Amino acid sequence: MNAEAQDSPPQAATAPADPAADERFMALAFALGRRGLGNTWPNPAVGAVVVKNGVILGRGWTQPGGRPHAETEALKQAGRAARGATLYVTLEPCSHHGKTPPCTDAIIRAGIARVISAMDDPNPEVAGQGLAKLRDRKIEIESGLGAEAAQRAHIGHITRMTQGRPNVMLKLALSADGKIGAAGRQPVAITGSEARERVFQMRAMNDAILVGMGTVLSDDPALTCRLPGMMERSPVRILLDARLRVPISTGVVGTAHDAPTWIFGDTKASAMGEEVLRAKGVEVFRVESEDGRLDLSAVLKVLVERGITRLMVEGGSTVAASFVKADLVDEAALFRAPKQIGPHGIDALDKMPLTALTSRLKRVTTEQVGADTLELYERA
Numbered sequence: 002m003n004a005e006a007q008d009s010p011p012q013a014a015t016a017p018a019d020p021a022a023d024e025r026f027m028a029l030a031f032a033l034g035r036r037g038l039g040n041t042w043p044n045p046a047v048g049a050v051v052v053k054n055g056v057i058l059g060r061g062w063t064q065p066g067g068r069p070h071a072e073t074e075a076l077k078q079a080g081r082a083a084r085g086a087t088l089y090v091t092l093e094p095c096s097h098h099g100k101t102p103p104c105t106d107a108i109i110r111a112g113i114a115r116v117i118s119a120m121d122d123p124n125p126e127v128a129g130q131g132l133a134k135l136r137d138r139k140i141e142i143e144s145g146l147g148a149e150a151a152q153r154a155h156i157g158h159i160t161r162m163t164q165g166r167p168n169v170m171l172k173l174a175l176s177a178d179g180k181i182g183a184a185g186r187q188p189v190a191i192t193g194s195e196a197r198e199r200v201f202q203m204r205a206m207n208d209a210i211l212v213g214m215g216t217v218l219s220d221d222p223a224l225t226c227r228l229p230g231m232m233e234r235s236p237v238r239i240l241l242d243a244r245l246r247v248p249i250s251t252g253v254v255g256t257a258h259d260a261p262t263w264i265f266g267d268t269k270a271s272a273m274g275e276e277v278l279r280a281k282g283v284e285v286f287r288v289e290s291e292d293g294r295l296d297l298s299a300v301l302k303v304l305v306e307r308g309i310t311r312l313m314v315e316g317g318s319t320v321a322a323s324f325v326k327a328d329l330v331d332e333a334a335l336f337r338a339p340k341q342i343g344p345h346g347i348d349a350l351d352k353m354p355l356t357a358l359t360s361r362l363k364r365v366t367t368e369q370v371g372a373d374t375l376e377l378y379e380r381a
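Written as structure tokens, this is what we have:
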């Protein structure tokens, strides 16, 4: 007889339900889950809290690499006191055997009396089965508290499961006249230091960051999280380089042994170029192209197969326009600076008006970041 079958039914929760308290504890679970954003792929960044009689007994969030899961972390912290308690979790507990045992088994063994889940898991291996299993064991179940917040918190996981690709966020730094660079692709600082620090934070919350060859050749960016204590949270760096011609002197290639660097080239690109890049520590992938433009759907398919769920696209204008044209942008972060560049500067979207992006999305918030303004958009 297994341990699950030996356990007696959980004791009834020792305090009546309190909707206001439920909301507070679920908000805490979301705050905990955010600690794992960009660091748990291919798994979602989940948060969990164990509470009894208004006292928090355990807190947990998905650990780096996706394991251990948030629920088992919170239950481990709560220990035997978890019996009869309520578990708040931002995503339905898993019920299938993967690389770790199901979280539902741990919840049952702990004697949890009540589980409040923000949303059902879109993973077809779970998809309501986790909550059903707990309900069958006479555990009180509630689902949907904080559902809107859960949609945003787990958007990468949702997009991966429902569309077979990562969630894509396009970030643009725009001058007052809608330019992202100076004439001749000369480097120019558009936004201030506060906005740049905000971008570093965004990078840390995404699994990967993608740019094109134009950005690498003109700016030679590091594409890391250059904030104190945040370098290890830098995302996978992805470069679209159809001909595999990126100079080995660039920062992204020279530091490939220190930060994961993936380069996508055309199926017909130089084998020697690939060999040189691999010797530098770069992972090289090949997809089909048309007129020198890589098939973005094929790129995203490879990324999701490698576990990437949240992709941040930082440009340049040709790459940004390609994602917009293919209708692959799910979110946008537009940093607007007060300075102007002039009519000969580089447009935000190559051969496309900015409205080609903004008209497809809805603006959800606007905030001041130093001297600059940040506008956040998402799919309607």
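If you count by our numbering, then the sequence shown holds residues 2 to 381, one letter each, in order. Quick reminder that beta carbons are idealized off the backbone N, C-alpha and C, glycines included. These figures come from a predicted structure and were not determined experimentally.
From the listed residues R279, K340 and M232, the smallest Cα separation to N40 is found for M232.
The region 281-291 makes no contact with the region 194-212: fewer than 3 CB pairs, one atom from each, lie closer than 8 Å.
Looking at the backbone, the Cα of V330 and that of L358 are separated by about 8 Å. Around the CB of I342, 16 or more other CB atoms lie within 10 Å, so the residue is classed as buried. DSSP lists no bridge partner for L228. Taking P20 as reference, the option from Y89, G48 and V47 with the minimal CA-CA separation is Y89. R204: member of the alpha helix (DSSP H) spanning S194 to A205, first to last residue.
The beta carbons of I108 and P94 sit closer together than 8 Å. The Cβ neighbour count for G230, taken over all protein chains shown within 10 Å, is under 16; the residue is labelled exposed. For D23, the uninterrupted alpha helix (DSSP H) run begins and ends at P20 to G34, by DSSP.
In the DSSP assignment, L335 forms a beta bridge with L173 and E376. In the DSSP assignment, F286 forms a beta bridge with F265.
Around the C-beta of M273, fewer than 16 other C-beta atoms lie within 10 Å, and the residue is accordingly described as exposed. In this structure, A174 lies near A338, with their beta-carbon atoms less than 8 Å apart.
Within the same chain, Cβ atoms closer than 6 Å to the Cβ of G129 are found at D121, the five residues on either side in sequence being excluded.
Counting the other Cβ atoms within 10 Å of the Cβ of A257 gives 16 or more, which makes it buried. When rounded, the separation of the alpha-carbon atoms in V50 and R115 is 12 Å. In the structure shown, the three-state DSSP call for Q164 is helix. Three or more Cβ pairs closer than 8 Å define a contact, and the region 249-264 falls short of that threshold against the region 348-357. In the three-state scheme derived from DSSP, where H, G and I count as helix and E and B as strand, G255 is classed as helix.
Per DSSP, W42 has no beta bridge partner at all. Spatial neighbours of V217 in its own chain (CB-CB distance under 7 Å, excluding positions within 5 residues in sequence) are listed in chain order as L240, V247, T251 and V253. Beta-bridge pairing by DSSP links D348 to K180. For I239, the three-state secondary structure derived from DSSP is strand. Here R311 carries a strand assignment [DSSP, helix/strand/coil].
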